[in-house]
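Throughout the sequence shown, residue numbering follows numbering that gives the first Met the number 0, covering 0 to 302 in sequence.
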Amino acid sequence: MVCMDDTRIPDLYGFHLQKVGGAGIVVVENVEWTRDSTSACPFTLPGLTLGFDSGERLRAYMAAESNPMASFSFSSKTIVQDNQAPMVAGFSSRGPNPIVPELLKPDIIAPGVNILAAWSRDAPLDDGRRVDYNIVSGTSMATPHVAGIAALIKKKYPSWTPAMIRSAMMTTAGTLDNKGHDILDNGATNASVSIMVATPLATGAGHIRPNLALDPGLVYDAGERDYIDFMCTLNYTAQQLRLFMPDFVKCTRTLPGGPADLNYPSFVVIFDNHTNVRTLTRTVTVVSENPETYSVTYAMPSV
């Protein structure tokens with residue numbers, strides 16, 4: 000049986016098909032991404048998933064044949080580095096930050112597509128099975144990668160603040176894939192190009208690199224007072240701020256450069272019709288155990 004996947008739970012198709020005697024299933028991706036992509040699925044019967052483009056060819060074959068036939072051939076061969084990776088998934092959340100556009104979001108990207116990981120038997124699959132392992136995609140898989148790396152950094156540097164840990168992960172993130180090219184964005188199809196280079200609004204600082212994050216050299220720190228000033232800049236009321244600082248009385252200062260002046264490991268500059276010059280300030284903290292020399296460079300984004 001061939002099914003179009005518009006539910007994001009294709010394993011249920013296979014489960015119900017097997018119950019009525021089905022022999023195999025092909026699930027076709029129903030969204031046309033820039034690259035022909037699929038999601039792994041723990042089928043209960045022989046099955047496979049096809050990307051949108053491959054599905055179009057399958058549909059054409061079925062329409063041309065009065066009695067279309069298909070067979071599966073499975074192998075245990077593992078293909079390493081055959082495709083460019085990492086690549087931003089088509090379904091990955093993107094910026095800009097809708098509440099505070101002066102803060103770059105996302106901060107970072109991490110592995111989150113077709114991740115094989117341990118699974119609790121207390122959380123049955125959609126078809127009712129209770130398993131020790133599962134293959135899942137999405138924030139539910141990317142977040143544990145980042146949280147685990149943050150925990151390892153905290154173990155090595157117990158005195159570091161959350162901002163320092165975040166900074167370490169962001170400033171050491173990678174922006175190139177395994178082919179040495181800029182990370183690509185497998186977003187919705189753009190008719191004018193085959194695939195686009197991912198922008199910071201898709202990757203944030205880049206793809207997380209655990210080993211490098213343990214030795215960032217410099218970090219951007221921010222404490223309670225920094226965030227209070229940040230929220231005062233955003234015109235939070237004293238009543239709202241007491242939720243974060245119970246003894247807060249009133250705002251006494253704001254960030255000179257606006258919300259973008261928060262000591263964050265990234266910059267977002269928004270220009271308007273009144274000015275083409277913006278001044279933002281950052282303070283870095285040396286955390287390296289060895290003497291180091293740093294040079295500052297910048298590259299203007301394309302307009």
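Cβ coordinates follow ideal geometry from the N, Cα and C atoms, glycine included. Note that the structure is a prediction, hence the values are computed from the model and not measured.
Counting C-beta pairs with one atom in each stretch, the region 221-235 and the region 60-70 have fewer than three that are closer than 8 Å, which means they do not touch. Contact annotation: residue 289 and residue 220 have beta-carbon atoms that are not nearer than 8 Å.
Here residue 144 is not bridged, per DSSP, to any residue. Per the C-alpha coordinates, the member of 198, 137, 114 positioned closest to residue 94 is 198.
Between residue 236 and residue 254, the C-beta gap is not smaller than 8 Å, which leaves the two residues out of contact.
Fully enclosed beta strand (DSSP E) runs of no fewer than 3 residues occupy 132-135 of the region 119-178, in order along the chain. When secondary structure is reduced to three states using DSSP, residue 260 falls in the helix class. DSSP lists 108, 173 as the beta-bridge partner residues of residue 206. Residue 231: member of the alpha helix (DSSP H) spanning 223-232, first to last residue. Contact between the region 170-178 and the region 125-139 is absent: fewer than three C-beta pairs spanning the two stretches fall below 8 Å.
Taking a C-beta distance under 8 Å as the contact criterion, residue 217 and residue 293 qualify as a contact pair.
Here the alpha carbons of residue 92 and residue 183 stand approximately 15 Å from one another. About 17 Å separates the beta carbons of residue 264 and residue 201, which is beyond the 8 Å limit, so they are not a contact pair. In this structure, residue 41 lies away from residue 26, with their beta-carbon atoms at least 8 Å apart. Bounds of any beta strand (DSSP E) do not take in residue 63; it lies within the alpha helix (DSSP H) bounded by 51-63.
Sixteen is the threshold: when 16 or more other Cβ atoms of the shown chains lie within 10 Å of the Cβ of residue 28, as they do, the residue is buried. If you look at residue 4, you'll find it isn't in any alpha helix (DSSP H); it sits in the beta strand (DSSP E) that goes 1-4. A Cβ-Cβ separation of about 16 Å leaves residue 215 out of contact with residue 295 under the 8 Å criterion. With a beta-carbon spacing of about 6 Å, residue 126 and residue 11 fall inside the 8 Å limit used to define contacts.
In its chain, beyond the 5 residues on either side, 220, 222 have a beta carbon closer than 7 Å to the beta carbon of residue 160. Taking C-beta separations shorter than 6 Å and ignoring five residues to either side along the sequence, the partners of residue 104 in its chain run 94, 96, following chain order. Taking C-alpha positions only, residue 212 is separated from residue 144 by approximately 13 Å.
Around the C-beta of residue 206, 16 or more other C-beta atoms lie within 10 Å, and the residue is accordingly described as buried.
Rounded to the nearest whole angstrom, the CA to CA distance from residue 48 to residue 120 is 25 Å. Put simply, of 101, 61, 108 the residue whose alpha carbon is nearest the alpha carbon of residue 84 is 108. Cβ contact annotation for residue 110 (same chain, cutoff 6 Å, sequence separation greater than five): 144, in chain order. Listed as beta-bridge partners of residue 219 by DSSP are 283.
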